[in-house]
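In what follows, a structure is listed as structure tokens, so that the remarks can point back to it.
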Amino acid sequence: MPGKKLVLNEKWCKSCGICVEFCPKDVLKLGNSKVQIQKEKDCIFCGLCELRCPDYAIYIAQTSED
Numbered sequence: 066m067p068g069k070k071l072v073l074n075e076k077w078c079k080s081c082g083i084c085v086e087f088c089p090k091d092v093l094k095l096g097n098s099k100v101q102i103q104k105e106k107d108c109i110f111c112g113l114c115e116l117r118c119p120d121y122a123i124y125i126a127q128t129s130e131d
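This note's numbering applies: residue 66 is where the sequence shown begins, and numbers increase by one.
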């Protein structure tokens, strides 16, 4: 069954924290000078992080789970 997954490209992340501020479920945190996904199971895949990231470092990917 297809699903969704939150993906963070750490190489592109500049630690601006915009995605952290816009996340309504506090899934993301700023630590170790990069954004980290801390509570992935709480993600509602609203897309606000993806929409607001100026560097396209975070996005929601479609998965195909068998």
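Idealized CB from N, CA, C, for every residue including glycine.
In terms of Cα proximity to E115, the closest of S98, V85, N97, K106 is V85. DSSP places I109 outside any beta strand (DSSP E), giving it a letter other than H or E.
In the three-state reduction of the DSSP assignment, V72 falls in the strand class. In the three-state scheme derived from DSSP, where H, G and I count as helix and E and B as strand, V100 is classed as strand. As the crow flies, the alpha-carbon of C108 is around 18 Å from that of E75.
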